Amino acid sequence: MIDSNPPLLNHYGALLRNSAEPQKAKSSNGQDNTVVECELPLIDLNGLKSCNVSERLACTAAICKAASEWGFFQVINHGINPDLLRNMREEQMKLFRVPFEKKVTCGLLNNPYRWGTPSATSSNHFSWSEAFHIPLTMISEAACWGEFNTLRYYLSQYYTLVLT
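To convert, note that position 28 of the sequence shown is 28 in the UniProt record's numbering; the numbers rise steadily by one, no gaps.
Below, the structure written as structure tokens:
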């Protein structure tokens with residue numbers, strides 16, 4: 001196991017071993033839950049800035065359709081500097097590569113680190129994930145970030161751009 005990964009197998013191993021569920025899970029309506037890889041909708045936000053009303057309406061309609069059919073989508077021409085996004089992503093990746101024990105005990109922002117699904121009662125109920133919840137109100141509090149101050153810097157820049 002990679003040192004930075006949470007101990008999901010240790011925590012949920014018994015749940016997986018004792019699972020009487022078939023390998024290929026079915027949803028409650030009997031449909032196959034096989035994951036299919038597909039392309040997310042890509043929305044060009046330049047349409048929202050267009051002087052042409054029909055282009056603005058088409059962009060708005062594309063956003064509504066993607067949101068209702070997918071729940072989320074990718075956007076381009078959003079005005080956020082690609083270098084800022086790349087730097088922020090690199091710092092986030094550094095944070096997730098930190099050894100698990102350190103992530104749990106580092107005190108970053110009063111320990112916003114979460115992993116797995118504590119309430120899982122079957123293998124279909126838990127998520128093999130980890131996350132840091134960072135409240136926007138705490139971005140400017142440098143003392144809360146410790147060695148992750150560079151991430152704070154980029155998140156703060158992003159937050160400022162999004163608000164303007």
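By construction, the Cβ of each residue, glycine as well, lies at the ideal position given by its N, Cα and C atoms.
This one's a predicted model, so the numbers in the text were calculated from it and none came from an experiment.
Taking the alpha-carbon of Pro-135 as reference, which of Ser-156, Ala-61, Lys-94 has the nearest alpha-carbon? Looking up residue 135 in the sequence shown gives position 135. Ranking Ser-156, Ala-61, Lys-94 by Cα distance to Pro-135 puts Ser-156 first.
Is the beta carbon of Gly-47 closer than 8 Å to that of Cys-59? Your numbering for residue 59 matches position 59 in the sequence shown. Your numbering for residue 47 matches position 47 in the sequence shown. Result yes, Cβ atoms of Cys-59 and Gly-47 sit closer than 8 Å.
Considering only the alpha carbon of each residue, which of Gly-146, Glu-37, Val-162 lies closest to Thr-105? Residue mapping note: residue 105 aligns to position 105 of the sequence shown, counting from 1. Selected option, being the one with the closest Cα: Gly-146.
What does the alpha-carbon distance come out to for the pair Phe-73 and Asp-3? Residue 73 sits at position 73 when you count from the first residue of the sequence shown. Residue 3 sits at position 3 when you count from the first residue of the sequence shown. Distance between the alpha carbons of Phe-73 and Asp-3: 32 Å.
Do Met-88 and Tyr-154 have their CB atoms nearer than 8 Å? Against the sequence shown, residue 88 aligns to sequence position 88. Against the sequence shown, residue 154 aligns to sequence position 154. Yes; because the gap between Cβ atoms is below 8 Å, this pair is in contact.
Can you tell me whether DSSP reads Phe-100 as helix, strand or coil? Along the sequence shown, read from residue 1 onward, the residue named residue 100 stands at position 100. The answer is helix: DSSP assigns Phe-100 an H, G or I state.
Within 10 angstroms of its Cβ, does Phe-148 collect 16 or more other Cβ (buried), or is it exposed? Here the question's residue 148 lines up with position 148 in the sequence shown. Its Cβ being crowded by 16 or more others within 10 Å, Phe-148 is buried.
Could you tell me the alpha carbon to alpha carbon distance between Lys-24 and Pro-41, rounded to whole angstroms? What you label residue 24 is simply residue 24 of the sequence shown in a count that begins at 1. What you label residue 41 is simply residue 41 of the sequence shown in a count that begins at 1. Summary for Lys-24: the model assigns pLDDT 48, below 50, so the residue's position carries little reliability, and this model does not support an answer.
Where His-78 and Leu-45 are concerned, what is the direct C-alpha to C-alpha distance, given to the nearest angstrom? The residue labelled residue 78 in the question sits at position 78 within the sequence shown. The residue labelled residue 45 in the question sits at position 45 within the sequence shown. Whole-angstrom Cα-Cα distance: 6 Å.
Considering Leu-40, what are the terminal residues of the alpha helix (DSSP H) in which it resides? To locate residue 40, count along the sequence shown from 1; it is residue 40. First-last for Leu-40: undefined, no H or E at that position.
Can you have a look at Leu-163 and say buried or exposed, based on whether 16 or more other CB atoms are within 10 angstroms of its CB? Mapped onto the sequence shown, residue 163 falls at position 163. By the neighbour-count rule (16 or more Cβ atoms within 10 Å), Leu-163 is not buried but exposed.
Residue range of the unbroken alpha helix (DSSP H) whose run includes Glu-69: The count along the sequence shown starts at 1 and reaches residue 69 at position 69. Here the alpha helix (DSSP H) through Glu-69 covers 53-69.
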